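S.K.: My structure is below; once you've seen it, I'll send some questions.
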Amino acid sequence: MRHRVEKLENPLVLAIETSCDETSVAVVRGREVLANEIASQIPIHRLFGGVVPEIASRKHLEAVDGVVNAALETAGIGLGDLDGIAVTYGPGLVGALLTGVTAAKALAFALDTPLVGVHHIEGHIAANYVQDPELIPPFLCLVVSGGHTHLVKVLDYGVYELMGRTRDDAAGEAFDKVARVLGLPYPGGPSVEQAARAGNAKAFSFPRAFRGEDHLDFSFSGVKTAVINEVNRLHQKDNPLPVADLAASFQETVVDTLVRNTLRAVDRSRMKRVALAGGVAANGALRARMKAALSAKGVQLTVPAPILCTDNGAMIGCAGAYKLKAGNIAGLDLNAVPSLELVTQY
Ligand SMILES: Nc1ncnc2c1ncn2[C@@H]1O[C@H](COP(=O)(O)OP(=O)(O)OP(=O)(O)O)[C@@H](O)[C@H]1O
Ligand SMILES: [Mg+2]
Numbered sequence: 001m002r003h004r005v006e007k008l009e010n011p012l013v014l015a016i017e018t019s020c021d022e023t024s025v026a027v028v029r030g031r032e033v034l035a036n037e038i039a040s041q042i043p044i045h046r047l048f049g050g051v052v053p054e055i056a057s058r059k060h061l062e063a064v065d066g067v068v069n070a071a072l073e074t075a076g077i078g079l080g081d082l083d084g085i086a087v088t089y090g091p092g093l094v095g096a097l098l099t100g101v102t103a104a105k106a107l108a109f110a111l112d113t114p115l116v117g118v119h120h121i122e123g124h125i126a127a128n129y130v131q132d133p134e135l136i137p138p139f140l141c142l143v144v145s146g147g148h149t150h151l152v153k154v155l156d157y158g159v160y161e162l163m164g165r166t167r168d169d170a171a172g173e174a175f176d177k178v179a180r181v182l183g184l185p186y187p188g189g190p191s192v193e194q195a196a197r198a199g200n201a202k203a204f205s206f207p208r209a210f211r212g213e214d215h216l217d218f219s220f221s222g223v224k225t226a227v228i229n230e231v232n233r234l235h236q237k238d239n240p241l242p243v244a245d246l247a248a249s250f251q252e253t254v255v256d257t258l259v260r261n262t263l264r265a266v267d268r269s270r271m272k273r274v275a276l277a278g279g280v281a282a283n284g285a286l287r288a289r290m291k292a293a294l295s296a297k298g299v300q301l302t303v304p305a306p307i308l309c310t311d312n313g314a315m316i317g318c319a320g321a322y323k324l325k326a327g328n329i330a331g332l333d334l335n336a337v338p339s340l341e342l343v344t345q346y
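This is the structure in structure tokens:
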């Protein structure tokens, strides 16, 4: 690469995240967040019950310059102060990703500063570094987001080993789909969690996949379908929908499965620390159950603040700062990769 990357301890990075329905720009110095601006498109997509990709791309395009300026202003720095530009280049919606990647490339070119491409899930994992300045690998990370459910051994910065993953729906996706059949607004996770507070988690018994099997993979399409079938059955009988009980029983099934597999992964990996990542990690029931189960085993838990669980630029900036320090610089031919796999990055 053209750029000489000096050994910067805590590089000042501007990070752009546009992989789904949040236009977010952050300024970080290593793990320290100086600004984390988030322009959410949720109110627009709520009208359609889910993310409309074409609308997402257009809204990112309209928002990105303003959010960059807002982040710089909040951080109190100028573009010339930056050590690098980080951007999510996958996985995600291709048009949405391209908006951020193009903006980042334009900035990097104009400023003649290094460009770093960040894997979105690596960003979610790095939210834990932002949350806990003392956290260092190795640890086990349960990534539970809208599109992913991964059990990842974080062996070092940028060095991952996948222990288990969903074979169908992601946990967040199941929350979103169940919310829809229960008539609850998008995004489904927070709506289901709220409805579940008034419900009985034992009212319905939904299936838990892969009981008795040796692997650590997940499957959430069975529980989702069971909820849909129950809703249809109740509709056919003209019975009122017990939304709170259905939400609570569904949430209990998902949380139970996530905690159970994480405990098994702890036993196999002998890790002494677990971190949570992704939007579903904001779920209070999951946080509480995981904390209780792990502390009974003497295992520490790190959980990002809710704003760092869902998509945000700060997590991308933090992951980007580590890649920049490692000299992992992208060329100006960096492209969006909608189905980028999480592999060891550097
Ligand atoms: N309190 C909550 N309880 C359960 N699920 C939640 C909660 N808050 C958010 N979610 C879920 O988290 C998901 C959004 O998280 P995130 O932003 O990490 O996903 P994404 O970026 O769309 O997907 P990915 O990161 O896999 O590309 C949605 O599915 C949403 O319903
Ligand atoms: Mg995400």
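Just so we're aligned, residue 1 is where the sequence shown starts under the UniProt record's numbering, counting upward by one.
We put the beta carbon where it would ideally sit given N, CA and C, even for glycine.
Quick caveat, the model's predicted, so the values are computed rather than measured.
Using 6 Å as the cut-off, classify the Cβ of Asp168 as near or not near the heavy atoms of ligand 2, replying yes or no.
M.R.: No, ligand 2 has no heavy atom inside 6 Å of this Cβ.
S.K.: Quick one: what does DSSP say Asp156 is sitting in, helix, strand or coil?
M.R.: DSSP places Asp156 in strand when its eight states are reduced to three.
S.K.: Go ahead and label Arg31 buried or exposed: buried means 16 or more other beta carbons lie within 10 angstroms of its beta carbon, across all protein chains shown.
M.R.: Buried, since its Cβ has 16 or more Cβ neighbours within 10 Å.
S.K.: If you reduce the DSSP assignment to three classes, tell me which class Ser295 lands in.
M.R.: Of the three classes helix, strand and coil, the one that applies to Ser295 here is helix, per DSSP.
S.K.: Would DSSP call Arg273 helix, strand or coil?
M.R.: It is a strand residue.
S.K.: Taking the beta strand (DSSP E) that Thr302 belongs to, which residues open and close that run?
M.R.: First-last of the beta strand (DSSP E) with Thr302: 300-302.
S.K.: Whose CB is closer than 5 Å to a heavy atom of ligand 4? List the residues in chain order.
M.R.: As presented, the structure is devoid of ligand 4, carrying ligand 1 and ligand 2 as its sole ligands.
S.K.: Assess contact between the stretch 48-64 and the stretch 329-341, defined as three or more Cβ pairs (one per stretch) separated by less than 8 Å. Is contact present?
M.R.: Too few Cβ pairs lie closer than 8 Å, so no.
S.K.: Specify whether the stretch 244-254 and the stretch 225-232 touch according to this definition: at least 3 beta carbon pairs, one from each stretch, less than 8 Å apart.
M.R.: These segments touch.
S.K.: Report buried or exposed for Pro207, applying the criterion of at least 16 other Cβ atoms within 10 angstroms of its Cβ.
M.R.: Its Cβ having fewer than 16 others within 10 Å, Pro207 is exposed.
S.K.: Determine, using beta carbons only, whether Tyr160 and Gly117 come nearer to each other than 7 Å.
M.R.: Not closer than 7 Å, so no.
S.K.: If you follow the alpha helix (DSSP H) that Tyr186 is in, where does it begin and where does it stop?
M.R.: Note, Tyr186: premise wrong, no alpha helix (DSSP H); not H, not E.
S.K.: Any idea which residues DSSP pairs Asn36 with across the strands?
M.R.: Beta-bridge pairing links Asn36 to Ala26.
S.K.: Between which residues of its own chain and Gly279 is the CB-CB distance below 7 Å, once the five residues before and five after are set aside?
M.R.: Once the five neighbours on either side are set aside, the close Cβ partners of Gly279 are Ser145, Gly146, Gly172, Gly189, Cys309, Thr310.
S.K.: Just to confirm before moving on: does the CB-CB distance between His124 and Val143 stay below 7 Å?
M.R.: Yes.
S.K.: What's the C-alpha gap between Ala119 and Arg233?
M.R.: What sits at residue 119 in the sequence shown is His, not Ala. Taking the straight line from one Cα to the other gives about 42 Å.
S.K.: Using 8 Å as the cut-off, can you tell me whether the stretch 124-140 makes contact with the stretch 18-33, which would need three or more C-beta pairs spanning the two stretches below that distance?
M.R.: The stretch 124-140 vs the stretch 18-33: in contact.
S.K.: Going by C-alpha distance, which of Ala326, Asn328, Ile316 is nearest Ala126?
M.R.: When only C-alpha atoms are compared, the closest one is Ile316.
S.K.: Quick check on His119: does DSSP put it in helix, strand or coil?
M.R.: Strand, per DSSP.
S.K.: Opposite Phe218 in the DSSP bridges: which residues?
M.R.: For Phe218, which the question treats as bridged, DSSP gives the partners Thr166.
S.K.: Do the stretch 53-67 and the stretch 76-89 make contact, defined as three or more Cβ pairs closer than 8 Å?
M.R.: No: the two stretches stay apart, fewer than three of their Cβ pairs being nearer than 8 Å.
S.K.: Suppose you measure from the CA of Val303 to the CA of Ala281; what does that come to, to the nearest Å?
M.R.: One C-alpha to the other measures close to 7 Å.
S.K.: Is it the case that the stretch 99-118 contacts the stretch 285-295, given that we only count it when at least three CB pairs across the two stretches are under 8 Å?
M.R.: Touching, no.
S.K.: Pull up the CB-CB distance for Ile44 and Lys59, whole angstroms please, since I reckon it's below 8 Å.
M.R.: Indeed, because the Cβ distance is near 7 Å, the residues count as touching under 8 Å.
S.K.: Contact between the stretch 93-107 and the stretch 266-279 is defined here as three or more beta-carbon pairs at a separation below 8 Å; is this criterion met?
M.R.: The stretch 93-107 vs the stretch 266-279: no contact.
S.K.: Determine the closest residue to Asp168 out of Arg273, Gly199, Gly222, with distance taken between C-alpha atoms.
M.R.: Nearest C-alpha to Asp168: Gly222.
S.K.: Are the beta-carbon atoms of Ala39 and Thr18 separated by less than 7 Å?
M.R.: The answer is no: Cβ separation not under 7 Å.
S.K.: By the three-class DSSP mapping on this structure, what secondary structure does residue 360 have?
M.R.: One cannot answer for residue 360 here, as it falls past the ends of the chain, which runs 1 to 346.
S.K.: Under three-state DSSP, which class holds Cys20?
M.R.: It is coil, neither helix nor strand.
S.K.: Is the distance from the Cβ of Thr149 to the Cβ of Phe210 below 7 Å?
M.R.: In this structure, Phe210 does not lie closer than 7 Å to Thr149 by Cβ.
S.K.: For a quick check, are the C-beta atoms of Asp83 and Leu12 less than 7 Å apart?
M.R.: Yes, the Cβ-Cβ distance between Asp83 and Leu12 is below 7 Å.
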